[in-house]
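Here the sequence shown is numbered in this note's numbering, starting from 479 and rising by one per residue.
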Amino acid sequence: MQNTFSLNRVLIPLLDQMLSTSISLPLEMIQAGVTYSRLKHQHSKVEVCFCAEHLDSVTSMGGIPLTPEVTFSETGQGDLIIVPGLWRNPLPVARQSKALVQWLQHQHELGATFCVAGTGVTFMAETGLLDHQPAATHWYFLERLKRHYPDVDFKPHHLITRSGRIFCAGSVNSVADLMVHLIGQSMGEQIAHKVEQQFSHEIRRPLDQILFAEDHTTAHNDEVVIQLQEWIRQHYCEDIDLENLIAASGLTRRTLHRRFKEATGFSPTTYIQRMRLTLASDLLKNTDLSIREVAYQAGYTDPDYFSRLFQKHFQLKPSDFKRSVRGKIFYLES
């Protein structure tokens, strides 16, 4: 899949009592992506800029002093805005942060993508950009924020939500999940998988599969393709061929390929393959099945073919993947 958004400039607003991990972890993951990209002579640099209403130093919840480089009015346009979470009740802070709220609105108008950590959703809610839109936040403040922002569609059972270009994550681990997805969109899936390996397999399920599995949301309105996706969900471990898909959809071969690709970004074959490989990775993480048994469970009759596909997709052989996630081995590939 082609890269879908540029990640050249990251802007981070600083606030007193912010959780430094809500910005340090995504920044370290981005830098890991840049490092791997350089090895492929691709993405060479991501500019990071810390900003605030004033240039006074702020102190994170952990006592770490952080100093903004520019004021909100001086930032210019960002590709990605990382909105940090707060340790304490965010509502009083949000009421006093009109300059931040206006800046967030302006960055949205300029076309930025947002990664919103935990209670940072409060600032996005103040902009009105989440009215009648899904949002996630930290469970501890969920009910309080639901009462304060009744127009926001908070999702208590989801740790990641997307509303257009606004991604909300309910926890730091969910921020990590989200960053792997965004790195994949900007630097490519191979780089994203390498970052995932460095920052631990078990923190993550692919974002599209989380949304797909938990609430069956789609990013398109093609009802025929939605129905076909549901059919694939029920049958993807079986021996599916193109004729099965044509029969299930009622479309011609040419129309099926065109509409499915337009709706999902993938061909039907690639879509099914991704689902099977995700199932295989879950089985490798959570069961003691052999590689051959995992291949059969995921719908592959040829274990060698499965192993080649798995290695191409995850940048690791199935056996190495299983050993690393089950043994919690962390390493950086050269």
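In this text, a Cβ means the ideal position worked out from N, Cα and C, and glycines have one as well. Note that the structure is a prediction, hence the values are computed from the model and not measured.
Residue from the options whose Cα sits closest to the Cα of residue i
{"i": "Leu814", "options": "Trp565, Gly554, Arg737 and His626", "result": "Because the chain spans 479 through 812 in this model, residue 814 falls outside it and cannot be assessed."}
{"i": "Pro634", "options": "Val650, Arg640 and Ala613", "result": "Ala613"}
{"i": "Asp609", "options": "Lys624, Leu620, Ala510 and Gly596", "result": "Lys624"}
{"i": "Thr537", "options": "Gln555, Arg801, Val548 and Leu492", "result": "Leu492"}
{"i": "Ala741", "options": "Ile724, Val702 and Leu762", "result": "Val702"}
{"i": "Ala530", "options": "Glu552, Glu716, Arg622 and Phe792", "result": "Glu552"}
{"i": "Phe784", "options": "Val579, Ala773 and Leu761", "result": "Ala773"}
{"i": "Arg711", "options": "Asp557, Met602 and Met753", "result": "Met753"}
{"i": "Asp760", "options": "Phe799, Arg643 and Val599", "result": "Phe799"}
{"i": "Val599", "options": "Ser641, Leu588, Trp709 and Gly589", "result": "Ser641"}
{"i": "Tyr627", "options": "Gln520, Pro746 and Leu607", "result": "Leu607"}
{"i": "Pro746", "options": "Asn764, Tyr778, Trp709 and Phe592", "result": "Trp709"}
{"i": "Phe483", "options": "Gln611, Phe792, Arg737 and Gln663", "result": "Gln663"}
{"i": "Gln574", "options": "Tyr749, Thr733, Asp494 and Gln789", "result": "Asp494"}
{"i": "Gln580", "options": "Val571, Gly563 and Met602", "result": "Met602"}
{"i": "Val653", "options": "Ile669, His636 and Phe632", "result": "His636"}
{"i": "Gly589", "options": "Gln611, Ile644, Asp631 and Arg622", "result": "Ile644"}
{"i": "Tyr618", "options": "Gly563, His791 and Gln509", "result": "Gly563"}
{"i": "His791", "options": "Gln775, Arg737 and Ala758", "result": "Ala758"}
{"i": "His616", "options": "Gly540, Val571, Phe592 and Val650", "result": "Val650"}
{"i": "Leu582", "options": "Gln611, Phe550, Gln789 and Glu506", "result": "Phe550"}
{"i": "Glu587", "options": "Leu505, Thr605, Tyr778 and Val594", "result": "Thr605"}
{"i": "Lys739", "options": "Asp700, Arg770 and Phe592", "result": "Asp700"}
{"i": "Gln520", "options": "Asp631, Leu485 and Met507", "result": "Leu485"}
{"i": "Gln611", "options": "Glu771, Asp631, Arg736 and Leu620", "result": "Asp631"}
Bridge partners - residue i, DSSP secondary structure assignment
{"i": "Cys715", "result": "Answer is none; Cys715 lacks a bridge partner."}
{"i": "Ser641", "result": "Ile644"}
{"i": "Thr537", "result": "Pro543"}
{"i": "Arg487", "result": "Glu525"}
{"i": "Asp700", "result": "BP columns for Asp700 are empty, so no partner."}
{"i": "Val630", "result": "Asp609"}
{"i": "Met496", "result": "Leu564"}
{"i": "Ala530", "result": "Thr549"}
Supposed close pair residue i, residue j - CB separation, criterion 8 Å
{"i": "Ile501", "j": "Ile560", "result": "5 Å"}
{"i": "Gln675", "j": "Leu794", "result": "7 Å"}
{"i": "Ile724", "j": "Gly511", "result": "That pair is no contact at about 39 Å."}
{"i": "Leu762", "j": "Pro796", "result": "6 Å"}
{"i": "Gly554", "j": "Gly596", "result": "That pair is no contact at about 27 Å."}
{"i": "Leu720", "j": "Gln751", "result": "Not quite, the Cβ-Cβ distance comes to about 13 Å (not below 8 Å), so this is no contact."}
{"i": "Val594", "j": "Cys646", "result": "5 Å"}
{"i": "Met665", "j": "Pro504", "result": "About 14 Å; that fails the 8 Å criterion."}
{"i": "Met507", "j": "Phe744", "result": "Actually they are not in contact, since the Cβ atoms of Met507 and Phe744 sit about 24 Å apart, beyond 8 Å."}
Residue i at chain C interface by Cβ criterion, 8 Å
{"i": "Thr605", "result": "Looking at the structure shown, chain C is missing, and only one protein chain is on hand."}
Buried versus exposed, by CB contacts within 10 Å (16 or more), residue i
{"i": "Arg516", "result": "exposed"}
{"i": "Ala691", "result": "Caution applies to Ala691, whose pLDDT of 29 falls short of 50 and renders its modelled position unreliable; the model cannot decide the point."}
{"i": "Leu578", "result": "buried"}
{"i": "Pro546", "result": "buried"}
{"i": "Thr695", "result": "Because Thr695 sits at a pLDDT of 44, beneath the cut-off of 50, its placement in the model cannot be relied upon, and the following sentence gives the value as read from the coordinates. By the 10 Å Cβ count, Thr695 comes out exposed."}
{"i": "Asp557", "result": "buried"}
{"i": "Glu667", "result": "buried"}
{"i": "Asp717", "result": "exposed"}
{"i": "Gln707", "result": "buried"}
{"i": "Ser535", "result": "exposed"}
{"i": "Ile542", "result": "exposed"}
{"i": "Pro823", "result": "In this structure the chain extends from 479 to 812, so residue 823 is not present and cannot be described."}
{"i": "Lys672", "result": "buried"}
{"i": "Ser522", "result": "exposed"}
{"i": "Tyr714", "result": "buried"}
{"i": "Val488", "result": "buried"}
{"i": "Thr733", "result": "exposed"}
{"i": "Gln509", "result": "exposed"}
{"i": "Glu525", "result": "exposed"}
{"i": "Gly540", "result": "exposed"}
{"i": "Gly728", "result": "exposed"}
{"i": "Pro570", "result": "exposed"}
{"i": "His659", "result": "buried"}
{"i": "Asp655", "result": "buried"}
{"i": "Gln585", "result": "buried"}
{"i": "Thr730", "result": "exposed"}
{"i": "Thr765", "result": "exposed"}
{"i": "Thr756", "result": "buried"}
{"i": "Met479", "result": "Confidence in Met479 is poor, its pLDDT being 44 and thus under 50, which makes the residue's placement too unreliable to answer from."}
{"i": "Thr779", "result": "exposed"}
{"i": "Asp693", "result": "With a pLDDT of 38 at Asp693, under the threshold of 50, the modelled position of this residue cannot be trusted, and the question is left open."}
So within the region 541 to 594, which uninterrupted beta strand (DSSP E) runs reach at least 3 residues, ignoring any that extend past its ends? Here the runs fully enclosed are 558 to 561.
Quick check for students: name the residue ranges of the alpha helix (DSSP H) that lie wholly in the region 731 to 806, counting only runs of 4 or more. 731 to 742, 746 to 764, 769 to 775, 781 to 792 and 796 to 805
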